[in-house]
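Numbering (our numbering), first residue to last: 36 to 181.
Structure follows, in structure tokens:
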């Protein structure tokens, strides 16, 4: 039984380390997701600013219009790319959260098994001690009877 307890204890520690590592990875992913959100909002603000600057100019020639159109297309592509990257990052975060939840459930299960086995071991030990005490008492009574 001691071997089982040691094995489950080590397995529990290993699973806790894995869970903690996944938690750290999730934190890093959340930070990256927040950074991407900031970049997306900055790109949106830049695009809005360039569109507004076009409206405020009194005269536009064809070269300026082409440059502004090119800038608008590049910003639109960057926004689209950032939105896709943010969606992928969000999906990865959700997936990592599910993995973390399953690892946490596994650790909890191992803790429960370990606790149950420890209680069983202490019960068996107490029962054995009680039996030994009863045997000692019974042997003393047998000696007195003879």
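Idealized CB from N, CA, C, for every residue including glycine.
Beta-carbon spacing of residue i, residue j below 8 Å
| i | j | result |
| --- | --- | --- |
| residue 117 | residue 78 | yes |
| residue 121 | residue 75 | yes |
| residue 46 | residue 145 | yes |
| residue 153 | residue 49 | no |
| residue 149 | residue 44 | yes |
Classification of residue i by the beta-carbon crowding that lies within 10 angstroms, buried from 16 upward
| i | result |
| --- | --- |
| residue 123 | exposed |
| residue 142 | buried |
| residue 178 | exposed |
Straight-line Cα distance separating residue j from residue i
| i | j | result |
| --- | --- | --- |
| residue 62 | residue 128 | 9 Å |
| residue 174 | residue 36 | 30 Å |
| residue 10 | residue 151 | Look at the range of the chain in this structure, 36 to 181, and you will see that residue 10 is not part of it. |
| residue 125 | residue 134 | 14 Å |
| residue 176 | residue 158 | 27 Å |
| residue 119 | residue 69 | 14 Å |
| residue 98 | residue 73 | 32 Å |
| residue 112 | residue 64 | 24 Å |
| residue 130 | residue 139 | 14 Å |
| residue 85 | residue 109 | 12 Å |
| residue 57 | residue 67 | 15 Å |
| residue 172 | residue 155 | 25 Å |
Segments of 3+ residues assigned as beta strand (DSSP E) that fall wholly inside the segment 65-145: none
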